[in-house]
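Protein chains: 4
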Amino acid sequence: MKIRVSVLREFNEPLLIEERELPSLKEKEILVRIKSSGVCGSDIHMWKGKDLRTPLPLILGHEGVGVVEDIKGKKQDIFGERIKIGDFIIWDRGLVCGNCYFCVIKKEPSLCVNRQVYGITRDGCYATHIILLKETKIIKIEEKIDPAILVSASCSGATAAHAISQCEISKEDTVIIQGPGPMGIFALAFARERGAEKVFVIGTKRSEKRLKLCLEFGATGILNINETSFEERISYIKEETKGVGASVVINCTNSSSALREGLKMTAPGGTYALPGIATPIGDTPVSFYEDIVRKNIKIQGIWVSDTAHLYQAVRLILSKKYPFEKLITRKFSLKEATEALKSVDTRKVIKAVLIP
Amino acid sequence: MKIRVSVLREFNEPLLIEERELPSLKEKEILVRIKSSGVCGSDIHMWKGKDLRTPLPLILGHEGVGVVEDIKGKKQDIFGERIKIGDFIIWDRGLVCGNCYFCVIKKEPSLCVNRQVYGITRDGCYATHIILLKETKIIKIEEKIDPAILVSASCSGATAAHAISQCEISKEDTVIIQGPGPMGIFALAFARERGAEKVFVIGTKRSEKRLKLCLEFGATGILNINETSFEERISYIKEETKGVGASVVINCTNSSSALREGLKMTAPGGTYALPGIATPIGDTPVSFYEDIVRKNIKIQGIWVSDTAHLYQAVRLILSKKYPFEKLITRKFSLKEATEALKSVDTRKVIKAVLIP
Amino acid sequence: MKIRVSVLREFNEPLLIEERELPSLKEKEILVRIKSSGVCGSDIHMWKGKDLRTPLPLILGHEGVGVVEDIKGKKQDIFGERIKIGDFIIWDRGLVCGNCYFCVIKKEPSLCVNRQVYGITRDGCYATHIILLKETKIIKIEEKIDPAILVSASCSGATAAHAISQCEISKEDTVIIQGPGPMGIFALAFARERGAEKVFVIGTKRSEKRLKLCLEFGATGILNINETSFEERISYIKEETKGVGASVVINCTNSSSALREGLKMTAPGGTYALPGIATPIGDTPVSFYEDIVRKNIKIQGIWVSDTAHLYQAVRLILSKKYPFEKLITRKFSLKEATEALKSVDTRKVIKAVLIP
Amino acid sequence: MKIRVSVLREFNEPLLIEERELPSLKEKEILVRIKSSGVCGSDIHMWKGKDLRTPLPLILGHEGVGVVEDIKGKKQDIFGERIKIGDFIIWDRGLVCGNCYFCVIKKEPSLCVNRQVYGITRDGCYATHIILLKETKIIKIEEKIDPAILVSASCSGATAAHAISQCEISKEDTVIIQGPGPMGIFALAFARERGAEKVFVIGTKRSEKRLKLCLEFGATGILNINETSFEERISYIKEETKGVGASVVINCTNSSSALREGLKMTAPGGTYALPGIATPIGDTPVSFYEDIVRKNIKIQGIWVSDTAHLYQAVRLILSKKYPFEKLITRKFSLKEATEALKSVDTRKVIKAVLIP
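Protein chains in written order, with our numbering: chain A, 79 to 434; chain B, 79 to 434; chain C, 79 to 434; chain D, 79 to 434.
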């Protein structure tokens with residue numbers, strides 16, 4: 079069978095549309111017709127050659143949802159329901175071995191030493207079809223939902239869920255989200271779902287539209303760093319928290335200065351989670367004594383996600399309590415993939431998706 | 079009643095022996111005859127004027143044990159047992175309000191906004207006697223034990239207990255202790271008590287005797303940073319952990335380079351606790367992406383301790399499973415207090431105590 | 079100063095209105111004009127003499143809110159704000175010693191061995207005024223709110239918060255609340271706040287109005303045990319949870335049969351919390367193998383609450399996300415206290431309050 | 079290839095020695111020469127037909143260790159080390175799917191809905207050889223150790239590790255172990271490893287030798303229920319814990335009366351774990367109010383174990399800190415399997431193993 083794919087052959091060059099001949103399915107493999115593939119910030123990094131692990135040529139796209147076109151043998155979703163042709167599904171972008179120290183002893187599959195990722199270490203979803211290996215964890219979607227809306231659960235949603243799972247949030251707590259991109263917006267919604275009394279989002283002028291969207295997602299307040307000074311932001315947060323600071327701060331940016339600011343905002347005994355630091359940002363000088371030890375805070379690195387997190391992001395979107403449809407500001411065809419990358423890079427869109 | 083005290087009147091100058099007239103006891107206050115007062119590393123900082131909060135004049139000494147000489151009214155220890163004249167006791171050096179957000183809502187009394195400390199924010203134990211205020215949490219000691227041995231539970235022991243309580247240690251885990259001072263030695267013993275399979279201690283040439291003592295406390299191995307390169311230490315740890323790294327690293331030094339090294343040694347999914355960073359060390363440049371996020375680790379600031387931690391340190395010493403008597407390498411009289419400070423500063427001793 | 083109180087002098091007899099002369103305030107004591115006092119289910123038990131600890135005579139009323147009429151000295155609320163005459167306040171009904179093993183070592187003040195309770199072990203809020211002892215933890219209310227609505231945070235709200243704090247609830251989880259009384263309704267709202275995907279409430283025909291109110295509080299579904307069989311309820315829950323069961327079940331009844339049913343509904347690996355079993359119900363026969371071990375579940379006893387839980391209940395009501403005003407179905411004057419007790423006993427009301 | 083096995087063909091009848099022809103290995107399967115197979119208490123239940131799930135005919139034996147005789151393809155242990163012919167290995171008796179809700183979302187593989195067990199739901203280790211399916215989690219043993227000593231890690235050791243992992247044990251805590259069988263002795267050693275200050279073991283006259291062995295494993299004290307009254311035991315524990323009770327009680331018996339006694343011994347705020355209730359014991363009447371709610375305790379059902387627990391039990395034995403060799407009081411040949419079952423049933427031995 080022939081499929082069409084969009085291939086990264088040279089860094090910084092346009093992706094190329096090609097035809098590929100698919101191999102026949104092996105036992106428990108699934109052929110999926112991609113209905114929507116998300117364009118993630120890390121796709122930009124890979125395209126520019128900034129992610130040194132990127133194998134060339136590569137079909138990008140680690141976020142995907144689609145419809146089952148074929149299956150070899152019997153395969154079940156994570157609830158034991160048999161997957162059938164025609165089912166609408168989403169899947170964990172990561173493939174884990176289920177046999178290593180991290181999978182088996184530490185029960186942290188996102189740290190699996192043999193982890194593979196569709197669209198990052200092997201071909202992904204910028205294509206009309208993809209074959210899902212038998213190890214792939216699959217979630218059947220019974221609810222009606224625009225595939226373009228659901229797809230962001232795959233990466234930004236799941237990673238935000240991972241971050242939230244590492245933060246204890248009490249009813250009375252204040253949460254700060256740094257960065258109103260897709261991951262930040264998911265983190266905001268998850269913080270609301272955990273019952274945080276106040277959730278503030280901090281962004282830049284460039285992300286003004288995103289900041290405003292945050293208010294529709296239930297943000298208590300937004301802070302634009304181009305319109306406020308560092309001192310103003312700190313004193314605003316202090317005032318809003320009776321001088322305590324924010325019990326939980328979640329960094330959904332990739333910036334050193336945000337990192338230093340977030341530390342200052344974290345309340346004594348609080349948690350600072352870092353899901354956004356997804357690519358190298360060099361060394362950041364930090365005063366461990368003043369900002370971490372003296373306040374007895376916890377800094378939690380957050381690396382990718384596992385199927386449990388994906389499932390939480392899926393349920394969040396399907397709850398329809400939040401306007402996730404407003405996140406998807408533009409849809410592109412497969413041959414417009416390069417343009418989609420550029421529009422994410424320049425922040426013309428909040429979230430771009432391909433409809434192959 | 080007249081008592082003798084050793085007073086810090088000017089930074090970097092010898093402490094002065096003076097006589098003081100004690101006020102009469104108020105309801106639930108206790109007059110204690112000090113049997114032993116520990117000389118802690120932070121006493122050196124205060125003496126040198128490096129701790130800006132130090133009020134002058136001040137009687138140093140936040141570590142103390144002693145015998146009850148008088149009580150006003152009825153007072154109970156934390157097990158509800160009535161305290162009587164002649165009882166041998168230890169107490170929490172911190173005085174907390176029991177009424178603030180951190181005491182009452184977060185249940186983290188060590189973050190109490192009104193916390194006072196004997197020997198730091200108010201007069202301490204470099205004296206023949208001390209009056210314990212009614213808020214003081216007291217532990218009666220029924221077992222026979224040399225007061226000089228028990229006294230180190232007050233600060234380094236309790237803070238090490240606090241650090242360990244924030245680290246999940248499984249039977250199969252490897253723990254690294256950076257810095258074989260009193261706090262590091264307590265952390266080593268606590269890690270053994272938590273069942274860690276392997277515990278390594280890292281020190282310097284200057285602390286060679288301390289490193290050797292660690293072997294008697296059950297260290298699996300010791301590493302001298304003056305005799306090994308950074309790369310050798312890293313590869314040694316990798317080898318000892320089947321390539322995984324140490325699940326728990328505890329920094330009991332006050333050094334930036336140890337901080338950067340400890341991050342490299344922490345296994346994916348692990349914890350890096352920082353009880354040792356007890357005074358400002360300036361900014362430390364850290365690669366958050368490589369060392370924290372990519373490995374999904376937790377960094378835990380550890381600030382002082384509370385009564386629960388103190389009690390754990392007391393029980394550890396009283397278990398007599400570890401040779402804590404070897405920690406106390408020199409006893410000084412009250413008038414030798416300045417000399418005691420100097421011998422700690424130059425590391426001529428592991429732990430010095432005053433016997434007033 | 080003279081105040082009016084409603085006193086329980088003999089079990090099962092009408093409460094008597096009396097005048098009392100108040101002593102003068104001691105240091106840090108507060109005189110409060112009661113604005114509203116809640117009538118709790120345990121008041122009925124005490125009135126009937128079923129709670130053997132009840133001292134006679136006693137002014138009932140452990141739930142209360144009011145306005146500060148006088149203070150001796152300086153007193154702060156839990157955020158360090160000074161309390162002034164005219165302030166509208168709520169307080170922790172429990173008085174804890176802050177000095178015992180449970181307060182200091184286990185940090186579980188609700189287990190304090192010296193715990194006293196206004197309206198249970200000492201005089202309470204069925205009165206025009208109450209003097210709050212200096213150990214009382216106080217929360218200032220700045221928001222405008224009908225005192226009758228807020229008062230239920232004191233006991234049923236705080237205890238529900240305690241229960242929820244012991245249940246890990248993930249986004250995808252299903253929660254079952256047994257018993258739609260005030261505590262059950264708080265538990266429902268808290269479960270929604272923790273992000274539980276589905277929350278079902280189970281009640282009786284007698285509590286039909288309460289069950290319907292649950293739908294307004296966001297219950298996914300309600301089950302009336304007089305209209306469904308045990309088997310129907312079990313199979314309904316299985317269907318709604320893809321065969322798994324409810325990850326969290328919270329028993330807000332005081333019934334043995336509910337207890338046995340709740341165990342059957344709890345999913346493997348789940349939690350069954352028991353805040354409702356607040357008075358002796360005799361022995362309940364349970365199959366530990368089938369219902370607890372084979373499913374690897376946790377049963378969590380929940381006894382009363384502490385100030386952190388009270389604060390969470392207060393914030394929940396003040397968020398105005400839930401129609402707590404509909405909980406208060408009748409207000410009584412102080413002299414109608416006996417009638418109020420009877421109307422709670424016969425479930426003519428959901429929640430009754432006194433407006434002294 | 080022909081192997082010899084001991085088969086259960088009829089309940090309560092002697093096991094029969096038979097020859098079996100082994101099929102050829104499939105990809106990633108391993109042929110193991112059994113060096114030792116443990117005789118577990120549940121084997122007795124199965125033999126007597128009390129475990130209704132037992133398929134006939136069945137080769138019993140869920141505990142096993144052995145040497146690799148053949149492998150098809152490449153297979154790694156949980157540390158990524160390639161398994162070679164001649165390697166001495168132990169493996170998780172449970173086979174889990176790695177794809178269901180409990181494996182993937184709840185990360186509790188011991189609750190896997192598709193869990194299979196060697197020697198329980200499929201043929202086990204009462205045999206000269208066994209073929210391990212590719213899903214089997216394998217741990218290579220590099221250390222020298224008598225296979226008969228190691229084998230008890232498989233089930234009783236792993237399940238005790240699971241129980242301990244659900245109990246928070248602080249340095250100062252007291253732990254009670256009910257039942258000095260192999261599981262109880264492992265629980266005792268694990269409690270020591272967690273640093274519990276005092277560990278008491280309760281047994282019967284019939285298990286006197288086992289109780290004495292507990293002292294060699296570090297028990298602080300032992301209590302024989304045939305020589306002490308219930309009241310004496312309760313008051314002994316109260317005395318030893320300053321009136322508080324035991325923070326952690328672990329029931330390693332299968333008895334209703336032990337269950338009721340254990341509840342009485344659990345301290346307020348404590349945990350009562352139930353790994354021993356491994357077969358139906360009918361209904362046990364319990365006073366939930368007095369024994370669970372009033373004390374705010376947690377009851378934790380413990381069902382089987384996963385590879386992490388197995389690994390902890392393996393490391394515990396290999397640490398050689400405890401005399402596990404004294405646990406194995408008799409070795410039997412394969413054809414003596416029936417006799418081995420009987421000697422376990424009548425408690426003539428502590429732990430029996432087959433050396434096929």
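Yeah, the Cβ is synthetic: ideal placement off N, Cα and C, and Gly gets one too.
Everything numeric in this text was worked out from a predicted model, so none of it was measured.
| Query | Result |
| --- | --- |
| If you measure between the beta carbons of C/I216 and C/I168, is that distance less than 9 Å? | yes |
| Quick check: C/H123 and C/G202, are their CB atoms within less than 9 Å of each other? | no |
| Using 9 Å as the threshold, is the C-beta distance between C/Y204 and C/L412 below it? | yes |
| What residues match up with D/N192 in a beta bridge as DSSP calls it? | None; D/N192 has no bridge partner. |
| Which residues mark the beginning and the end of the beta strand (DSSP E) in which A/Y67 is found? | Outside the displayed span of chain A (79 to 434) sits residue 67 of chain A, for which this structure offers no information. |
| Would you list the residues sitting across from A/W169 in a DSSP beta bridge? | A/I216 |
| Whole alpha helix (DSSP H) runs in the region 199-281 of chain C with 4 or more residues, listed along the chain? | 225-228, 234-243, 260-271 |
| From what residue to what residue does the beta strand (DSSP E) around C/Y350 run? | 344-352 |
| Are there 16 or more other CB atoms within 10 angstroms of the CB of B/E405, so buried, or fewer, so exposed? | Correcting the residue type first, residue 405 of chain B is Leu in the shown sequence and not Glu. B/L405 should be labelled buried. |
| Measuring alpha carbon to alpha carbon, tell me which residue in B/A336, B/E275, B/R284, B/P401 is nearest B/T319. | B/E275 |
| Give a yes or no on whether the minimum CB-CB distance between B/G176 and chain C is below 9 Å. | yes |
| Taking the beta carbon of A/S335 as the centre, do at least 16 other beta carbons fall within 10 Å, making it buried, or is it exposed? | exposed |
| On the three-pair Cβ rule with 8 Å, is the region 148-157 of chain A touching the region 102-109 of chain A? | yes |
| From what residue to what residue does the alpha helix (DSSP H) around C/D121 run? | 119-125 |
| Does the beta carbon of C/G235 come closer than 9 Å to any beta carbon on chain D? | no |
| Can at least three beta-carbon pairs, one atom from the region 217-236 of chain C and one from the region 109-125 of chain C, be found at a separation below 8 Å? | yes |
| Run through chain A and tell me which residues come within less than 9 Å of B/P363, C-beta to C-beta. | G360, D361, T362, P363, V364 |
| Considering A/E286, what are the terminal residues of the alpha helix (DSSP H) in which it resides? | 286-294 |
| Near A/N374, which residues of its chain fall below 8 Å by C-beta distance, leaving aside the five closest residues on each side in sequence? | P346, G347 |
| Could you check which residue in B/H207, B/L93, B/L94, B/P92 has the C-alpha nearest to that of B/K80? | B/H207 |
| At 8 Å on the CB atoms, spell out the chain C contacts of D/R193, in chain order. | Residues of chain C passing the Cβ test: none, with the nearest at roughly 11 Å. |
| Taking Cβ to Cβ, would you say C/I315 is nearer than 9 Å to C/F278? | yes |
| When burial is assigned at 16 or more other CB atoms within 10 Å of the CB, is A/I163 buried or exposed? | exposed |
| Could you give the residue range of the alpha helix (DSSP H) that holds D/K420? | 415-423 |
| Which whole-angstrom value describes the C-beta separation of B/A356 and B/S120, a residue pair presumed to lie in contact below a C-beta threshold of 8 Å? | 6 Å |
| Whole angstroms is fine: what's the gap from D/T349's alpha carbon to D/I242's? | 10 Å |
| Report the CB separation of D/D165 from D/K212 in whole angstroms; it is logged as a contact under 8 Å. | With 8 Å as the limit, D/D165 and D/K212 do not qualify as a contact, their Cβ atoms being about 16 Å apart. |
| Since C/I156 contacts B/N177 with CB under 8 Å, what's their CB separation in whole angstroms? | 6 Å |
| Out of curiosity, what's the CA-to-CA distance linking D/L94 and D/A386? | 34 Å |
| Does A/G172 come within less than 9 Å of chain D when only Cβ atoms are used? | no |
| Using a Cβ-Cβ cutoff of 8 Å, what residues of the region 374-402 of chain B are near chain D? List them in chain order. | A386, Y389, Q390, R393, L394, S397 |
| Taking the continuous beta strand (DSSP E) assigned at B/R82, which residues delimit it? | 80-86 |
| Within a Cβ cutoff of 8 Å, which residues of the same chain sit near C/I380, ignoring the five residues on either side of it in sequence? | T237, H240, A241, Q244, A351, L352, P353 |
| So D/D384 and D/P187 are in contact, right, with Cβ under 8 Å, and what is the actual spacing, rounded? | 5 Å |
| Specify the secondary structure class of D/A356 as computed by DSSP and reduced to three states. | coil |
| What does the alpha-carbon distance come out to for the pair C/C292 and C/I300? | 8 Å |
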